[in-house]
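Step one of this worksheet: look at the structure below.
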Amino acid sequence: MQTTSKNVSTNQQGPHERLAEVVRRHIDCPDRSPLQSDSRDAYARLEAARAGRPLVLDAFCGTGQSTATLALRHPQHLVVGIDQSAHRLGKHVPGNAANYLLLQARCEDIWRLLAADRQRLDYHYIFYPNPWPKSAQFQRRVHGHPGFPLLARLGGRLELRSNWRLYVEEFALAMQLTGHTGRVSAVPGDTPATTLFEAKYRRSGHDLWRFEVNLS
Ligand SMILES: C[S@@+](CC[C@H](N)C(=O)[O-])C[C@H]1O[C@@H](n2cnc3c(N)ncnc32)[C@H](O)[C@@H]1O
Numbered sequence: 025m026q027t028t029s030k031n032v033s034t035n036q037q038g039p040h041e042r043l044a045e046v047v048r049r050h051i052d053c054p055d056r057s058p059l060q061s062d063s064r065d066a067y068a069r070l071e072a073a074r075a076g077r078p079l080v081l082d083a084f085c086g087t088g089q090s091t092a093t094l095a096l097r098h099p100q101h102l103v104v105g106i107d108q109s110a111h112r113l114g115k116h117v118p119g120n121a122a123n124y125l126l127l128q129a130r131c132e133d134i135w136r137l138l139a140a141d142r143q144r145l146d147y148h149y150i151f152y153p154n155p156w157p158k159s160a161q162f163q164r165r166v167h168g169h170p171g172f173p174l175l176a177r178l179g180g181r182l183e184l185r186s187n188w189r190l191y192v193e194e195f196a197l198a199m200q201l202t203g204h205t206g207r208v209s210a211v212p213g214d215t216p217a218t219t220l221f222e223a224k225y226r227r228s229g230h231d232l233w234r235f236e237v238n239l240s
């Protein structure tokens, strides 16, 4: 990974013009695209590790640095870090806690399998998902994806972080369309970086933003 990074550059002037239309369509028409072949196996590993504990998800966890930290913050929970990249997960440095699990899977598939089983989360962290900053890439953003309405169904306290303020504001607008109003604020700069990308963005002098909502 490069040690510094440029600010996000976009051809959007404000929230995406089709945000409401796309999110409403996804609320009305649940995602029925095929699951990836190994998603059910990954979900089975989550269920096997759970042993009745309440769940915390660290979606798009990268190397899982944040997952290990969150496991210390939530000692009574099973904390599950999910990332699709074997390469990133392979760089995980094990933490001191035993109550976490890293899964190689597509987050949207795990959200779907959890929701199909009527599972609920206590906490859901989404730290620095890829921004997909071009307007034409809107549907690749978490809130432009057909899986987005599942977040509201999974419940819990959700926190999204990004170095792109517009991403966080769009996410907040999309969440409002599911009936949930949260709060956008700056990530305090005086706390230790929770993830590798957060550390990189801080080194690069970026402002960092978060959206928090209680979906319970
Ligand atoms: C910008 S990195 C952030 C990683 C980590 N959260 C951090 O802050 O250091 C985004 C991560 O999302 C993962 N990713 C992208 N799309 C994904 C998907 N649909 N499901 C699971 N992981 C995905 C990538 O492999 C990458 O590790």
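Using the working numbering, read the sequence shown as starting at 25 and increasing by one per residue. Note that CB positions come from ideal geometry on N, CA and C, so glycine has one too.
A83 has I106 and I150 as its beta-bridge partners, per DSSP. For E193, the enclosing alpha helix (DSSP H) stretches over residues R189 to L201. The C-beta distance from Q108 to A129 rounds to 7 angstroms, short enough to fall under 8 angstroms.
Take the alpha-carbon of E194 and the one of R177: they are about 19 angstroms apart.
Contact between R185 and F151 is confirmed by a C-beta separation of about 5 angstroms, below the 8 angstroms threshold. For M199, the number of other beta carbons within 10 angstroms of its own is at least 16, and it is reported as buried. With a 10 Å radius around the Cβ and a threshold of 16 neighbouring Cβ atoms, P99 comes out exposed. Counting along the chain, S90 sits inside the alpha helix (DSSP H) bounded by residues Q89 to R97.
With respect to G76, G88 sits apart: the two C-beta atoms are not nearer than 7 angstroms.
For D141, the CB stays at least 6 angstroms from every heavy atom of ligand 1.
In the DSSP assignment, the residues bridged to F235 are L184 and V208. Between the beta-carbon of T34 and that of K224 there is about 19 angstroms, and that puts the pair past the 8 angstroms contact cut. Counting along the chain, L43 sits inside the alpha helix (DSSP H) bounded by residues L43 to D52.
The beta carbon of S63 sits closer than 6 angstroms to the beta carbons of A129 and D133 from its chain, once the five residues preceding and following it are set aside; these are given in chain order. Looking at the DSSP output, Y124 shares a beta bridge with V103.
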